[in-house]
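Residue numbers (my numbering): 36 to 203. Glycine included, each C-beta is placed from N, C-alpha and C at the ideal position.
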Amino acid sequence: MAMQEEVKFDPIVLPDHPPQYSPPPPQQAPITMQPGHLPMQQPAASTNVVIVQQPMVTVVSPRQWSSGLCACCDDMGSCLAGTFCFSCFLCHLADKMGESCCLPVCYAHTAMVAMRTKIRIQNNITGDINNDIWTTCCCPMCAACQMSREVDFVNSINVHRAAMNAPM
Numbered sequence: 036m037a038m039q040e041e042v043k044f045d046p047i048v049l050p051d052h053p054p055q056y057s058p059p060p061p062q063q064a065p066i067t068m069q070p071g072h073l074p075m076q077q078p079a080a081s082t083n084v085v086i087v088q089q090p091m092v093t094v095v096s097p098r099q100w101s102s103g104l105c106a107c108c109d110d111m112g113s114c115l116a117g118t119f120c121f122s123c124f125l126c127h128l129a130d131k132m133g134e135s136c137c138l139p140v141c142y143a144h145t146a147m148v149a150m151r152t153k154i155r156i157q158n159n160i161t162g163d164i165n166n167d168i169w170t171t172c173c174c175p176m177c178a179a180c181q182m183s184r185e186v187d188f189v190n191s192i193n194v195h196r197a198a199m200n201a202p203m
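This is how it looks when you write it as structure tokens:
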């Protein structure tokens with residue numbers, strides 16, 4: 036059998052009464068004043084002013100295309116290029132849009148739908164994907180010319196805005 040050791044504890048002696056706590060000393064003397072008089076205040080060493088302005092959301096309603104589908108006379112160069120060298124014209128249009136010029140060569144109709152949808156969405160133009168599909172399917176040359184005119188229109192607006200905002 037194992038021997039058990041006895042552990043002894045010293046008794047704790049508690050005081051007869053609990054300790055008395057006093058409230059903390061006041062940080063500032065009380066201010067007394069007469070009605071109608073404001074107390075003198077010392078100027079602050081530094082003052083930080085923070086102005087918080089709520090962000091404003093501007094909702095712009097969708098707009099129409101800058102030119103009509105059959106407005107080929109507005110840009111005869113695009114009209115002639117689209118009519119006589121359609122594949123080259125699509126490559127040129129894709130390049131103006133910042134896309135690969137190989138895209139329309141491999142997938143002409145699919146690429147035209149994608150490019151028209153991109154132009155419409157980026158520039159907040161009314162319409163939907165169904166309209167883009169039917170327009171590029173029924174009138175591919177007119178649709179490509181309209182897309183080219185729209186890209187030129189948007190680029191001319193951006194150049195004008197950049198010139199207006201340029202520092203003098």
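Please classify residue i: is it buried, with 16 or more other beta-carbons within 10 angstroms of its beta-carbon, or exposed?
{"i": "D167", "result": "buried"}
{"i": "G126", "result": "The amino acid at residue 126 is misidentified as Gly; the sequence shows Cys. Classification of C126: buried, given that the 10 Å Cβ count is 16 or more."}
{"i": "T145", "result": "exposed"}
{"i": "M111", "result": "exposed"}
{"i": "A198", "result": "exposed"}
{"i": "R196", "result": "exposed"}
Work out the CA separation of residue j and residue i for me, nearest whole Å.
{"i": "S113", "j": "P175", "result": "13 Å"}
{"i": "C141", "j": "S135", "result": "11 Å"}
{"i": "V148", "j": "T161", "result": "15 Å"}
{"i": "C108", "j": "L115", "result": "10 Å"}
{"i": "L138", "j": "V85", "result": "52 Å"}
{"i": "N193", "j": "K131", "result": "14 Å"}
{"i": "S159", "j": "Q88", "result": "According to the sequence as given, residue 159 is Asn; it is not Ser. Taking the straight line from one Cα to the other gives about 27 Å."}
{"i": "N165", "j": "P202", "result": "44 Å"}
{"i": "K153", "j": "F188", "result": "15 Å"}
Pull the bridge partners of residue i from the DSSP assignment, please.
{"i": "I160", "result": "R98"}
Just reading off the alpha helix (DSSP H) that residue i is part of, what are its end residues?
{"i": "D110", "result": "Unbroken run through D110: none, as it is neither H nor E."}
{"i": "S81", "result": "It is not in any alpha helix (DSSP H) - S81 carries neither H nor E in the DSSP assignment."}
{"i": "A181", "result": "Here residue 181 turns out to be Gln, not Ala, going by the sequence shown. Where Q181 is concerned, the enclosing alpha helix (DSSP H) stretches over P175 to N200."}
{"i": "P139", "result": "L138 to C141"}
{"i": "S122", "result": "F121 to K131"}
Tell me whether residue i, by its Cβ, gets closer than 7 Å to a heavy atom of the ligand FMN.
{"i": "N165", "result": "This structure does not include the ligand FMN; it has no bound ligands of any sort."}
On the three-pair Cβ rule with 8 Å, is the region 94-110 touching the region 170-188?
yes
Cβ contact check for the region 117-126 and the region 89-103: 3 or more pairs under 8 Å:
no
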